[in-house]
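Everything below concerns the one structure shown next.
Numbering (our numbering), first residue to last: 4 to 69.
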């Protein structure tokens, strides 16, 4: 189960600020078995995972609507 969280505040004149985190619980897909990992062993996770393999991600956003 993945959990994303975002908080935002709209200031006057159409300015909105947001802070958030994707994958709050820092989940990772199942690791690729060693036999399928290629000759170098550099691929730790499948590229077919329904979610990313970078773990938790924090972000900030500032937007303006006119």
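Quick reminder that beta carbons are idealized off the backbone N, C-alpha and C, glycines included.
Quantities reported herein were computed from a predicted structural model and do not represent experimental measurements.
Going along the chain, which residues of its own chain have a beta-carbon closer than 6 Å to the beta-carbon of residue 64, five neighbours each way excluded? Counting only residues of its own chain and dropping the five nearest sequence neighbours on each side, residue 64 has a CB closer than 6 Å to the CB of 21.
Under 6 Å Cβ to Cβ from residue 12, same chain only, skipping five residues before and after it: list those, please. Cβ neighbours of residue 12 beyond the five flanking positions: 20.
Alpha carbon of residue 54 to alpha carbon of residue 23, nearest angstrom: Between the C-alpha atoms of residue 54 and residue 23 there is a straight-line separation of about 17 Å.
Alpha carbon of residue 14 to alpha carbon of residue 26, nearest angstrom: Distance between the alpha carbons of residue 14 and residue 26: 27 Å.
Within a Cβ cutoff of 7 Å, which residues of the same chain sit near residue 28, ignoring the five residues on either side of it in sequence? Excluding positions up to five away in sequence, the list reads 6.
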